[in-house]
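For the protein sequence lines, the chains are A and B, in the order given. Here my numbering = 1-based position in the first sequence + 9. Numbering-wise, my numbering puts -14 at position 2 of the second sequence, and it's gapless, one number per residue. Built from N, CA and C at the ideal position, the CB exists for glycine as well.
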Amino acid sequence: MRMWRSLIGCVVIVPLVLWGGMARAQSGQSSIHLSQAWARRAPMMGSAESAQGSMGAMSSGHGSMSSGQGSMGSMGSGQMHGQAGGTGNGVVYVLIENSGPEADTLLGATSDAAQSTELHETRQEGGVMRMRPLAKVEVPAGGRIEMKPGGQHIMLLGLTRNLNPGDTVTVHLRFEKAGEQTVEAEVR
Amino acid sequence: MELSRRCSVRWRVSLAAGLVCAVLGGAQPVTADQTFRGGVLEPAHPAPDFALTASDGSTFRLHEQRGRVVVLFFGYTFCPDVCPLTLSQMVQVRSQLGARAARLRVAFITVDPERDTTARLRTYVGAFDRSFLGLTGAPDALTHVRQAYGVVAEKHAVAGTKAAYVIDHSAFVYVVDPDGRLRLMFPFGTSIDDMAHDIGLLLGG
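Next comes the structure, spelled out in structure tokens:
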């Protein structure tokens, strides 16, 4: 009886321990740590069509006031619901640390808060700010990449919702070696 | 960028300008706190006047803003990084100024009239503070304003992004005093405390 019990115990426990160990090993493979992620508050704006629709009015120097979009204060009313995405953009900043002995490379990012997500960098040259896309960002072995305002950032193009302070944006970062890593960015 | 050069030169005489300010203000004895921390334009000339369409539907005429400190900066609503950062800093500046912020007018002048309708501008700046104004106008009118303030704005189609184009632009914050004179320029990276301090000096009391 006792032998049976220990046999059953082995059958149940050993795979559990093995599975747990594998899971640990898998997560342990990643030397990439993401922290201090935050997103800047940003309004989702009208669709590209509606923005273009008012351009005629713009060219005469008088803006169209007819679309009646609310400010952030009225965003909770859900007036934008039902649209696939607008033309407003957002930004996410994150601290990426690589504790491993090898460099890794950030290849891209995705987020459900935007139609597309790109890696960008703002550089200041002679008082002029230039924003350009980055194909990838290398994170040196034992090093860190601090994304911050006026520097490297994750750009959210075509927000699918308003980013109000207190909201959370989930961002998936794709690394060459560490694979996909997910981070929650609080909207400020 | 004639203005920026002048700015960097005048930076060094900010102490003198601070003294002048304190004397003109007829205020307390001169202390370090009475000295501007941003780039001072000296001598202060009248800020180039302009009239643009504001995001609240009104026509914004700079010369009608006497009695207020007007903060101007140039950007576009497509911009996710630098422009919202400046707007966000201005929210905090207003907060630091307390009741005096009622005499502060923050205006965001678009460099992208093609995309930035008044409705877009209203949504964008309104997301930060309902008192902020977005300004736009005919492309010629906007070009004229940029030239008057020495602002660079270059449109570029860039590979590797879904954005149709981006616009490189100057990131200075311009400050017009209650008498309509262009007094200060804050380069990108100026701290919120320094901006609030200097704008507070111009507002007095």
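In the DSSP assignment, Lys139(B) forms a beta bridge with Ile151(B). If you check the CB distance, Ser125(A) and Leu166(A) come in under 8 Å. Residues of the segment 65 to 91 of chain B with a Cβ closer than 8 Å to any Cβ of chain A, in chain order: Asp65, Val66, Pro68, Leu69, Ser72. Note on the segment 153 to 183 of chain B: whole beta strand (DSSP E) runs with a minimum of 3 residues are 157 to 160, 165 to 170, in chain order. Approximately 5 Å separates the beta-carbon atoms of Val54(B) and Arg89(B); this is inside 8 Å, confirming the contact. About 15 Å separates the CB atoms of Thr169(A) and His181(A); that is not less than 8 Å, and the two are not in contact. In the displayed model, Ala112(A) falls within coil according to three-state DSSP, outside both helix and strand. Among the CB atoms of chain B, none fall inside 8 Å of the CB of Gln45(A). DSSP places Thr37(B) inside the beta strand (DSSP E), whose first and last residues are 35 to 38. With respect to the C-alpha of Ala48(A), the residue from Ala187(A), Leu172(A), Glu111(A) having the closest C-alpha is Leu172(A). Listed as beta-bridge partners of Phe184(A) by DSSP are Leu115(A), Gly188(A).
Secondary structure at Thr107(B): helix, using DSSP grouped into helix, strand and coil.
Sorting Lys157(A), Glu189(A), Glu127(A), Arg132(A) by C-alpha distance to the C-alpha of Ser154(B) places Arg132(A) at the top.
Contact between Phe184(A) and Leu104(A) is absent: CB atoms are separated by about 14 Å, not below the 8 Å threshold. Judged by beta-carbon spacing, Tyr60(B) lies within the 8 Å limit of Asp96(B), meaning their Cβ atoms are closer than that value.
Excluding its 5 nearest sequence neighbours in each direction, Ala180(B) has C-beta neighbours in its own chain below 8 Å: Gln76, Val77, Gln80, Leu81, listed in chain order. Rounded to the nearest whole angstrom, the C-alpha separation of Arg139(A) and Ala148(B) is 15 Å. When secondary structure is reduced to three states using DSSP, Ser44(A) falls in the strand class. Classified as exposed, Ser42(B) has fewer than 16 neighbouring CB atoms from the shown chains inside 10 Å of its CB. Pairing Gly144(B) with Ala144(A) gives a Cβ-Cβ distance under 8 Å. Contact of Gly99(A) with chain B is assigned, a C-beta pair being separated by under 8 Å. For Leu56(B), the enclosing beta strand (DSSP E) starts and ends at 53 to 59.
For Ser72(B), the enclosing alpha helix (DSSP H) covers residues 66 to 81.
Note on Pro30(B): under 16 other CB atoms within 10 angstroms of its CB, so exposed under the neighbour-count rule.
For Thr127(B), the uninterrupted alpha helix (DSSP H) run begins and ends at 123 to 133, by DSSP.
The alpha carbon of Asp176(A) has as its nearest neighbour, out of Arg50(A), Gln45(A), Ser40(A), Leu43(A), the alpha carbon of Arg50(A). Contacts with chain A at 8 Å (Cβ-Cβ) do not include Lys139(B).
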